[in-house]
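Working notes, beginning with the structure itself.
Numbering (our numbering), first residue to last: 629 to 795.
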């Protein structure tokens with residue numbers, strides 16, 4: 629169990645009933661090819677599987693069948709700590725926007741992965757949420773995010789109905 633990683637906490641949501649009519653908005657469109665690659669976790673709601681993680685990243689690779697390979701990695705306690713990693717898959721469930729996906733690390737469990745904010749010009753940052761608003765990740769292409777941009781992203785998250793008290 630010690631190899632559980634970022635986004636694995638979404639599995640906890642799998643056992644819950646997610647209302648199909650969640651009022652959480654997603655971005656109008658995600659280009660899967662542009663979304664692929666390495667993302668750095670800038671901030672996330674606390675989840676048990678990440679309690680001792682630092683330097684968390686997610687790498688997405690588009691497969692020929694349209695699925696996405698998900699490789700999550702972090703380090704225990706410090707950047708010099710033991711590497712923790714896990715590989716899973718994701719698939720698009722809303723072909724109109726490509727912004728709603730399911731992510732799976734252990735069969736048969738899959739969880740919602742909704743892109744709720746995205747730098748649609750350069751795909752430099754993304755915000756990933758869950759329809760129940762209990763899970764949230766701010767991702768960036770670089771290890772740090774500009775402070776002004778970060779504050780703007782937080783404002784958008786709050787406007788989306790998220791309670792940022794866990795931070």
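Glycine included, C-beta positions come from ideal geometry on N, C-alpha and C. Source: prediction; values computed, not measured.
Check, Outcome
"Please determine if the segment 753 to 764 and the segment 647 to 666 are in contact, where contact requires at least 3 C-beta pairs separated by less than 8 Å.", "yes"
"Would residue 733 be called buried (16 or more neighbouring beta carbons within 10 Å of its own) or exposed?", "buried"
"Starting from the Cα of residue 687, find the closest Cα among 700, 677, 678 and give me that residue.", "700"
"Could you work out which residue in 729, 714, 740, 712 is closest to residue 720 when comparing CA atoms only?", "729"
"Using only the alpha-carbon positions, how far apart do residue 722 and residue 769 sit?", "24 Å"
"With distances taken between CB atoms, is the gap from residue 756 to residue 741 smaller than 8 Å?", "yes"
"Which one of 673, 666, 662 has the shortest CA to CA distance from residue 792?", "673"
"Relative to the C-alpha of residue 767, which residue among 739, 660, 746 is closest?", "746"
"Are the beta-carbon atoms belonging to residue 668 and residue 771 less than 8 Å from one another?", "yes"
"How long is the line joining the alpha carbons of residue 675 and residue 695, rounded to whole angstroms?", "25 Å"
"Report all residues from its chain with a CB closer than 8 Å to the CB of residue 684; omit the five preceding and five following residues, and keep chain order.", "633, 634, 668, 669, 672, 678, 700, 701, 702"
"Could you give the DSSP three-state label for residue 788: helix, strand or coil?", "coil"
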